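Asker: Pasting in a structure now, in structure tokens, and then I'll have a few things to ask.
Number of protein chains: 2
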Amino acid sequence: MPSKPPEITMDAVYTKPGYLFRRMQQIAVSIFIEECREFDLTPVQYAALVAIQNHPGIDATRLSAVIAFDRSTLGSVIERLESKGHVERKPSVEDKRVKLLYLTKAGAALLRNIMPFVDRAQARMLAPLKSTDRKMLMALLSQLVDLNNEVSRVPLRAEDALEHLGKGG
Amino acid sequence: MPSKPPEITMDAVYTKPGYLFRRMQQIAVSIFIEECREFDLTPVQYAALVAIQNHPGIDATRLSAVIAFDRSTLGSVIERLESKGHVERKPSVEDKRVKLLYLTKAGAALLRNIMPFVDRAQARMLAPLKSTDRKMLMALLSQLVDLNNEVSRVPLRAEDALEHLGKGG
DNA sequence: GCGTAATTGACAGTATACTGTCAATCAATA
DNA sequence: TATTGATTGACAGTATACTGTCAATTACGC
Numbered sequence: 001m002p003s004k005p006p007e008i009t010m011d012a013v014y015t016k017p018g019y020l021f022r023r024m025q026q027i028a029v030s031i032f033i034e035e036c037r038e039f040d041l042t043p044v045q046y047a048a049l050v051a052i053q054n055h056p057g058i059d060a061t062r063l064s065a066v067i068a069f070d071r072s073t074l075g076s077v078i079e080r081l082e083s084k085g086h087v088e089r090k091p092s093v094e095d096k097r098v099k100l101l102y103l104t105k106a107g108a109a110l111l112r113n114i115m116p117f118v119d120r121a122q123a124r125m126l127a128p129l130k131s132t133d134r135k136m137l138m139a140l141l142s143q144l145v146d147l148n149n150e151v152s153r154v155p156l157r158a159e160d161a162l163e164h165l166g167k168g169g
Numbered sequence: 170m171p172s173k174p175p176e177i178t179m180d181a182v183y184t185k186p187g188y189l190f191r192r193m194q195q196i197a198v199s200i201f202i203e204e205c206r207e208f209d210l211t212p213v214q215y216a217a218l219v220a221i222q223n224h225p226g227i228d229a230t231r232l233s234a235v236i237a238f239d240r241s242t243l244g245s246v247i248e249r250l251e252s253k254g255h256v257e258r259k260p261s262v263e264d265k266r267v268k269l270l271y272l273t274k275a276g277a278a279l280l281r282n283i284m285p286f287v288d289r290a291q292a293r294m295l296a297p298l299k300s301t302d303r304k305m306l307m308a309l310l311s312q313l314v315d316l317n318n319e320v321s322r323v324p325l326r327a328e329d330a331l332e333h334l335g336k337g338g
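Top to bottom, those sequences are chains X and L.
The opening residue of the first sequence carries number 1 in the working numbering; numbering runs sequentially from there.
The opening residue of the second sequence carries number 170 in the working numbering; numbering runs sequentially from there.
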């Protein structure tokens with residue numbers, strides 16, 4: 001007869017949402033990088049490009065609200081996008097603190113070309129599930145992220161993107 | 170009538186699983202850190218402590234397989250746990266490359282004490298959903314992580330933990 | 001038992017992701 | 001207008017998370 005089992009088993013990790021969210025994030029990034037290898041773009045860089053394309057002349061602070069990404073880290077992300085020639089930073093004439101963000105032609109072209117690869121990556125993440133299960137998971141996840149929006153350090157504020165209009169650099 | 174909308178809208182980000190997994194991971198970590206503030210422990214450090222408690226004398230490579238965590242990063246995680254006095258690293262007599270991992274008494278006590286706080290954090294992550302939706306989400310997520318296990322760089326290999334038995338330091 | 005494979009831990013490098021701080025600048029108001 | 005407070009971008013510091021490399025060591029095929 002074996003001695004009494006430890007009070008805390010690996011189920012204290014494996015069956016918990018925190019662990020599963022971490023694993024799924026690892027897997028999602030891994031698939032994205034693999035599918036988009038030839039473009040040398042990370043998921044966050046992709047999100048930033050889409051947001052800048054949608055809101056030309058946005059500044060870094062508002063961009064961070066639009067993609068729910070920490071402002072401190074966003075600086076280096078933009079730097080990399082700039083050094084790769086996908087993004088331009090122009091100082092605002094109205095507010096000397098602000099640098100306005102624009103896609104370069106190369107950045108816009110990249111975004112068009114990468115879309116089918118991104119789509120394939122997103123499809124692969126959910127591929128192991130049946131169609132109905134995919135829809136169910138996405139619906140529940142969207143709800144949960146939305147309902148927990150205020151919890152994270154950088155809540156999503158999609159409407160912030162509009163504030164730059166009329167302030168044009 | 171406004172001009173034709175951009176081909177690529179923010180839905181190319183917001184409605185995609187990759188974005189939602191990233192957001193949910195951000196939120197999960199944020200809640201964990203908040204609930205466990207007084208213990209100064211991160212989610213990964215918690216997972217490592219649980220695994221070491223379950224498999225005393227495990228080495229770093231096997232530990233990485235048991236918590237599906239990159240071997241390169243795990244070194245610094247263990248270092249931090251060691252410097253906080255939660256973990257001991259003892260060289261193996263049988264294999265001079267290997268350092269065997271053990272919880273200290275303080276580490277074991279910490280693990281016991283933190284459990285209710287971890288449970289509260291895990292519950293908070295799913296709190297906005299109805300009970301049936303919580304169960305549904307967890308079931309789908311568990312399936313998906315399991316079915317995608319081989320995709321990530323460090324697949325989960327829970328059974329690896331047993332290999333150290335009989336090799337005792 | 002010897003040369004080669006593989007394993008192990010460590011390290012360098014890149015990229016998120018967070019906390020906190022700072023100076024420059026702008027806005028709001030007394 | 002002068003002071004105060006908020007905003008903005010930059011930076012330092014910590015902690016994941018990955019790729020790739022390396023030397024020491026072990027295991028294995030012959």
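All C-beta atoms in this analysis are idealised placements derived from N, C-alpha and C, irrespective of residue type, glycine included.
On a predicted model such as this, the values are computed, not experimentally measured, just so you know.
Considering Cα atoms alone, identify which of X:Asp-160, X:Val-118 and X:Val-151 is closest to Thr-184 (chain L).
Answerer: Ranking the options by Cα distance to Thr-184 (chain L), first place goes to X:Val-118.
Asker: According to DSSP, what are the bridge partners of Lys-268 (chain L)?
Answerer: Beta-bridge pairing links Lys-268 (chain L) to L:Pro-260.
Asker: Between the Cα of Leu-81 (chain X) and those of X:Ser-72, X:Ala-48 and X:Arg-71, spot the shortest distance and give me the residue it belongs to.
Answerer: That would be X:Ala-48, whose Cα lies nearest to the Cα of Leu-81 (chain X).
Asker: On the criterion of 16 or more Cβ atoms from any shown chain inside 10 Å, does Gly-75 (chain X) qualify as buried, or is it exposed?
Answerer: It is exposed - the Cβ of Gly-75 (chain X) has fewer than 16 other Cβ atoms within 10 Å.
Asker: Let me know the secondary structure DSSP gives Lys-177 (chain L) once reduced to three states.
Answerer: Note on residue identity: the sequence assigns Ile, not Lys, to residue 177 (chain L). Correct three-state label for Ile-177 (chain L): coil.
Asker: In the DSSP assignment, what are the bridge partners of Asp-228 (chain L)?
Answerer: Answer is L:Leu-269.
Asker: Taking a cut of 7 Å between CB atoms, which residues from the stretch 186 to 209 of chain L lie near chain X?
Answerer: For the stretch 186 to 209 of chain L, which is checked against every Cβ of chain X, the residues closer than 7 Å are Pro-186, Gly-187, Tyr-188, Leu-189, Phe-190, Arg-191, Arg-192, Met-193, Gln-194, Gln-195, Ile-196, Ala-197, Ser-199, Ile-200 and Phe-201.
Asker: With a Cβ-Cβ cutoff of 8 Å, do Asp-228 (chain L) and Lys-268 (chain L) count as a contact?
Answerer: Closer than 8 Å, so yes.
Asker: Give the C-beta separation of Ile-200 (chain L) and Val-29 (chain X) to the nearest angstrom, bearing in mind that I take them to be a contact with Cβ-Cβ under 8 Å.
Answerer: About 21 Å; that fails the 8 Å criterion.
Asker: Check each residue of the stretch 61 to 81 of chain X: if its Cβ is closer than 8 Å to any Cβ of chain L, include it; give the result in chain order.
Answerer: Here the close residues are Val-66, Ile-67 and Ala-68.
Asker: Considering just the uninterrupted stretch of the alpha helix (DSSP H) at Val-320 (chain L), what are its terminal residues?
Answerer: Where Val-320 (chain L) is concerned, there is no enclosing alpha helix (DSSP H), given that its DSSP letter is neither H nor E.
Asker: Give the straight-line distance between the Cα atoms of Gln-25 (chain X) and Gln-291 (chain L), rounded to the nearest whole angstrom.
Answerer: Each residue's Cα considered, the two are about 17 Å apart.
Asker: Among X:Met-10, X:Gly-18, X:Asp-11 and X:Pro-56, which residue has its Cα nearest to the Cα of Gly-107 (chain X)?
Answerer: Here the closest residue by C-alpha is X:Pro-56.
Asker: For Asp-42 (chain X), go through chain L and note every residue whose CB falls closer than 9 Å to its CB, in chain order.
Answerer: In the sequence on display, residue 42 (chain X) carries Thr and not Asp. The contacting residues do not exist; Thr-42 (chain X) stays about 11 Å from chain L at best.
Asker: For the putative contact between Leu-140 (chain X) and Met-305 (chain L), defined by C-beta atoms under 8 Å, what is the C-beta separation to the nearest angstrom?
Answerer: The Cβ separation is near 6 Å, so the contact holds.
Asker: Taking the alpha-carbon positions, what's the Asp-264 (chain L) to Leu-270 (chain L) distance?
Answerer: Cα to Cα, the separation comes out at about 14 Å.
Asker: Taking 7 Å as the line, does the beta carbon of Cys-36 (chain X) fall inside it for any heavy atom of the ligand FAD?
Answerer: With respect to small molecules bound, the structure shown includes none, and the ligand FAD cannot be examined in it.
Asker: If we ignore side chains and look at the alpha-carbon of each, how far apart do Ala-127 (chain X) and Pro-116 (chain X) end up?
Answerer: Taking the straight line from one Cα to the other gives about 16 Å.
Asker: In whole angstroms, give me the CA-to-CA distance for Ile-236 (chain L) and Glu-34 (chain X).
Answerer: Going by the C-alpha atoms only, they are around 23 Å apart.
Asker: Ignore the nearest five residues each way along the sequence and tell me which others in Leu-196 (chain L)'s own chain have a CB closer than 8 Å to its CB.
Answerer: The question names Leu, but residue 196 (chain L) is Ile in the sequence shown. So the list reads Met-294, once near-sequence residues are dropped.
Asker: Under 7 Å between beta-carbons, which chain X residues line up against Asn-317 (chain L)? List them in chain order, please.
Answerer: Result: Ile-27 and Pro-128.
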